[in-house]
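Here the structure comes first, spelled out in structure tokens, and everything after it is commentary.
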Amino acid sequence: MTIELYRRYRRALKTTPFNGRFMPYNWSPLPNSMTGELLPYSQMLDDFARELANSINDLTHHENRLRAWASALEGLTAQQIMAAQHEIVGDIATVSLGLPYVIRSRFLFAASHLSHQANRARLPDWVDDLPEDDEIYLETAD
Numbered sequence: 093m094t095i096e097l098y099r100r101y102r103r104a105l106k107t108t109p110f111n112g113r114f115m116p117y118n119w120s121p122l123p124n125s126m127t128g129e130l131l132p133y134s135q136m137l138d139d140f141a142r143e144l145a146n147s148i149n150d151l152t153h154h155e156n157r158l159r160a161w162a163s164a165l166e167g168l169t170a171q172q173i174m175a176a177q178h179e180i181v182g183d184i185a186t187v188s189l190g191l192p193y194v195i196r197s198r199f200l201f202a203a204s205h206l207s208h209q210a211n212r213a214r215l216p217d218w219v220d221d222l223p224e225d226d227e228i229y230l231e232t233a234d
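Count the sequence shown with our numbering and you get residues 93 to 234, in order.
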């Protein structure tokens, strides 16, 4: 891949319309005053919300980059396109394809932990049976 091709990409990125929407941060404010039982919930909610926003924003950013690369590769030979895809574009595409699963997994993980913490704070007879972190799957979030 040449420096000129990367320059083409950067020019294309500047002119590629941004159709996505970034996930905002700090969208889960809690009251300033709360019981100590809710402190773990509060901290987890803040951390999980930030992780989810970061992952969603990564996906949005990668999608825009891929559209810019598609524009930058227009008019090149098949060999030049293949070289660019192998060197740069393929990695961005591979990460982008995996991000929806990452987002889903993080959401399930967050929902499981937050539900568990809320139930611990609200229900005096709550049984602490949340699986270990590496054992949390879709049915755990139910």
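For each residue, glycine too, the CB sits at the ideal point set by N, CA and C.
Counting other Cβ atoms within 10 Å of its Cβ, R103 stays below 16 and is therefore classed as exposed. Under the three-state reduction of DSSP, R113 is assigned to coil, being neither helix nor strand. Taking one beta carbon from each stretch, the region 140-158 and the region 193-209 have 3 or more pairs nearer than 8 angstroms; the two touch. For T107, the uninterrupted alpha helix (DSSP H) segment begins and ends at I95 to T107.
Taking L130 as reference, the option from D225, N211, N146 and D226 with the minimal CA-CA separation is N211. Looking at L158, A145, A213 and E224, the one whose alpha-carbon comes closest to that of F110 is L158.
For V181 against W161, the beta-carbon gap comes to about 5 angstroms, under 8 angstroms, which counts as contact. Taking 9 angstroms as the cut-off, the beta carbon of A164 is found no closer than this to the beta carbon of A175.
Closest by C-alpha distance to W218, out of D225, D226, E224 and S207, is S207.
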